[in-house]
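Asks:
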Amino acid sequence: MDFGGNLNYFTTHFKNTIFEKFVFLLLLVLTFLECVTGLSFLIFLLDWILIQGTSNYSVDLFYLGLQLSTITICVLFLGQRLAKDYVGAVNLSVYFLITLIGFLFLLISK
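Residue numbers (numbering that gives the first Met the number 0): 0 to 109.
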């Protein structure tokens with residue numbers, strides 16, 4: 000992970016926006032959200048593989064991962080829109096659709 004490179008990129012990306020002075024803090028928050036989301040899905044997968052089925056615990060982890068994924072994508076989407084990077088915002092819609100499909104699978108499995 001190249002935190003310095005990401006910080007430089009986001010500093011120029013959010014120049015002349017309301018996030019201009021908070022880029023470092025926002026990058027920390029975004030990194031935290033992405034790590035917790037990935038960890039939630041990783042623990043779910045390990046639990047699902049080792050137990051060979053879906054316990055209530057693993058379903059809750061999957062639901063938590065989907066919620067965190069949705070929040071993370073919405074945060075990214077807001078940043079792209081405020082930076083007027085509309086192409087980047089459109090690209091995020093694919094990931095949001097995948098997250099919605101995950102919610103659909105969760106709904107079907109119950």
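A virtual CB, placed ideally from N, CA and C, is assigned to each residue, including glycine.
In this text, all values refer to a predicted model and were calculated from it rather than measured experimentally.
#1: In chain order, what are the residue ranges of uninterrupted alpha helix (DSSP H) at least 4 long that sit wholly in the region 50-90?
#2: Suppose you measure from the CA of VAL28 to the CA of ILE100; what does that come to, to the nearest Å?
#3: Please state the DSSP three-state secondary structure of ASN15.
#4: Comparing C-alpha positions only, which one of LEU6, ILE17, LEU77 and TYR94 sits nearest to LEU65?
#5: Do ILE72 and THR30 have their CB atoms nearer than 8 Å?
#6: Between PHE76 and the rest of its own chain, which residues show a CB-CB distance below 7 Å, the 5 nearest in sequence each way excluded?
#7: Shortest alpha-carbon distance to ASN7 belongs to which of THR16, ILE17, PHE18 and PHE23?
#8: Distance check for LEU26 and GLY2, CA to CA, integer angstroms please.
#9: Can you tell me which of MET0, THR10 and GLY4 puts its alpha carbon nearest to the alpha carbon of GLY78?
#10: Which residues in the same chain have their Cβ closer than 7 Å to the Cβ of PHE43, if we skip the five residues on either side of it in sequence?
Replies: Checking against the coordinates, here is how it stands:
#1: 55-81
#2: 25 Å
#3: coil
#4: TYR94
#5: It is not a contact, given that the beta carbons lie outside the stated cut-off.
#6: So the list reads ALA88 and LEU91, once near-sequence residues are dropped.
#7: With distances taken between Cα atoms, ASN7 lies closest to PHE23.
#8: Sequence inspection shows Phe at residue 2; the Gly mentioned does not correspond to that position. Cα-Cα distance, rounded: 9 Å.
#9: When each option's Cα is compared against that of GLY78, the closest is THR10.
#10: SER57, LEU60, PHE61 and GLY64
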